[in-house]
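Undergrad:
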């Protein structure tokens with residue numbers, strides 16, 4: 001390894017160059033399904049051994065933490081933690097889309113819109129998936145103004161839809177209270193009179209036309225999880241393995 005003037009790299013410069021070279025070798029690995037379950041740990045261990053060979057240990061001779069070792073390790077982590085699209089990621093995303101589609105279909109009974117929120121999310125993912133850098137992040141300049149405008153349009157429609165769901169209920173608050181009362185009576189094995197039975201049927205039928213409270217909460221949680229899937233730079237599917245490794249070296253976990 002040489003500097004621009006032809007002299008050999010030594011010390012810190014040599015270590016940093018080796019880190020960069022190691023990173024180049026590893027960058028393609030995390031976009032594929034890795035058959036070797038310990039590959040991340042093995043790569044990390046190789047890097048630690050390389051530091052040891054350069055007399056850079058985790059602890060100083062007096063037993064205190066070696067700041068240089070920590071710095072190099074943290075740099076390795078920064079350069080090797082990236083968006084990792086594993087089979088588990090795609091499976092989970094598909095599950096969320098399917099569940100969201102089912103809730104969306106039921107919500108149409110009470111939401112005055114034919115908007116399909118599941119399809120909107122799918123379209124955003126499809127657009128972003130075509131224009132990503134080697135870190136897995138969207139490249140705005142390659143997306144183009146038309147696609148960026150389309151994403152913003154879909155995001156606004158999703159936001160509008162979420163607001164409509166927030167206020168969506170086939171029942172008024174008084175009707176909801178009344179229905180809950182009848183449900184409690186049935187649970188307690190109390191007999192409903194004829195008027196209550198008829199009213200219970202009416203309210204139950206009306207309630208089935210839209211989302212109930214639990215379904216609205218579930219839909220909100222799906223929206224939240226989908227946002228998290230798009231925003232995480234390192235997915236949990238990678239972090240779980242990495243953080244176990246970091247804890248073994250008494251380093252803080254990656255959040």
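Residue numbers (UniProt numbering): 1 to 255. Glycine included, each C-beta is placed from N, C-alpha and C at the ideal position. Note that this is a predicted model, so its numbers are computed, not measured.
Nearest by alpha-carbon distance to residue 151: which of 124, 129 and 199 is it?
TA: Here residue 151 is taken as the residue at index 151 of the chain shown, counted from 1. For residue 151, the nearest C-alpha among the options comes from 124.
Undergrad: In this structure, does DSSP put residue 59 in helix, strand or coil?
TA: Translated into the one-based positions of the chain shown, residue 59 becomes position 59. If DSSP states are grouped into helix, strand and coil, residue 59 belongs with the strands.
Undergrad: Sorted by chain position, which residues of the same chain lie with C-beta nearer than 6 Å to residue 118's C-beta, five sequence neighbours on each side aside?
TA: In the chain shown, residue 118 corresponds to position 118, counting from 1. These residues qualify, in order along the chain: 97, 100, 101 and 104.
Undergrad: Which whole-angstrom value is the C-beta distance of residue 211 and residue 106, which I expect to be below 8 Å?
TA: By one-based count along the chain shown, residue 211 stands at place 211. By one-based count along the chain shown, residue 106 stands at place 106. Indeed they touch by this definition, with Cβ atoms about 6 Å apart.
Undergrad: Quick check on the DSSP output: the alpha helix (DSSP H) that includes residue 107 runs from which residue to which?
TA: The sequence position of residue 107 within the chain shown is 107, counting from 1. Run containing residue 107: 87-107, per the alpha helix (DSSP H) assignment.
Undergrad: Could you name the residues that DSSP lists as bridge partners for residue 65?
TA: Working through the chain shown from its first residue, we reach residue 65 at position 65. Residue 65 is bridged to 59.
Undergrad: Spatial neighbours of residue 10 within its chain, please: C-beta separation below 8 Å, excluding the five flanking residues on both sides.
TA: Position 10 of the chain shown, counted from the start, is the residue given in the question as residue 10. For residue 10, the predicted model reports a pLDDT of 49, less than 50, meaning its position is unreliable; a value from the coordinates is still stated below. For residue 10, where only same-chain residues beyond five positions count, there are no Cβ hits under 8 Å.
Undergrad: Cβ atoms of residue 156 and residue 223: under 9 Å apart, would you say?
TA: Here the question's residue 223 lines up with position 223 in the chain shown. Here the question's residue 156 lines up with position 156 in the chain shown. Going by C-beta atoms, residue 223 is not nearer than 9 Å to residue 156.
Undergrad: Going by the beta-carbon positions, is the gap between residue 213 and residue 176 smaller than 9 Å?
TA: Translated into the one-based positions of the chain shown, residue 213 becomes position 213. Translated into the one-based positions of the chain shown, residue 176 becomes position 176. Contact: yes.
Undergrad: Report the rounded CA-to-CA distance for residue 67 versus residue 42, giving the unit in angstroms.
TA: Within the chain shown, residue 67 is the residue found at index 67, counting from 1. Within the chain shown, residue 42 is the residue found at index 42, counting from 1. Distance between the alpha carbons of residue 67 and residue 42 is about 23 Å.
Undergrad: Got a sec, what are the start and stop residues for the alpha helix (DSSP H) residue 205 sits in?
TA: Here residue 205 refers to the residue found at position 205 when the chain shown is read from its first residue. Segment 194-207, the alpha helix (DSSP H) holding residue 205.
Undergrad: Taking 6 Å as the limit between beta carbons, can you name the residues of its chain near residue 143, skipping five residues before and five after?
TA: One-based indexing of the chain shown puts residue 143 at position 143. Counting only Cβ-Cβ distances below 6 Å, and skipping sequence neighbours, we find 131.
Undergrad: If I follow the unbroken alpha helix (DSSP H) through residue 176, where does it start and stop?
TA: Residue 176 sits at position 176 when you count from the first residue of the chain shown. Where residue 176 is concerned, the enclosing alpha helix (DSSP H) stretches over 173-187.
Undergrad: What residue range is occupied by the uninterrupted alpha helix (DSSP H) comprising residue 128?
TA: Residue mapping note: residue 128 aligns to position 128 of the chain shown, counting from 1. Run containing residue 128: 117-130, per the alpha helix (DSSP H) assignment.
Undergrad: Assign residue 222 to one of three DSSP states: helix, strand, or coil.
TA: The residue given as residue 222 occupies position 222 in the chain shown. It is helical.
Undergrad: Beta carbon of residue 70, beta carbon of residue 58: below 9 Å?
TA: In the chain shown, counting from the first residue as 1, residue 70 sits at position 70. In the chain shown, counting from the first residue as 1, residue 58 sits at position 58. In this structure, residue 58 lies closer than 9 Å to residue 70 by Cβ.
Undergrad: Leaving out five residues before and five after residue 65 in sequence, what residues of the same chain have Cβ atoms less than 8 Å from its Cβ?
TA: Start at 1 with the first residue of the chain shown, and residue 65 comes out as number 65. Same-chain partners within the cutoff: 58 and 59.
Undergrad: List the whole-angstrom C-beta distance separating residue 148 from residue 120, where the pair is believed to meet the contact cut-off of C-beta under 8 Å.
TA: Numbered from its first residue, the chain shown carries residue 148 at position 148. Numbered from its first residue, the chain shown carries residue 120 at position 120. Going by Cβ atoms, the distance from residue 148 to residue 120 rounds to 15 Å, so no, they are not a contact pair.
Undergrad: Just how far apart, CA to CA, sit residue 72 and residue 146?
TA: Numbered from 1 along the chain shown, position 72 holds the residue referred to as residue 72. Numbered from 1 along the chain shown, position 146 holds the residue referred to as residue 146. Distance between the alpha carbons of residue 72 and residue 146 is about 42 Å.
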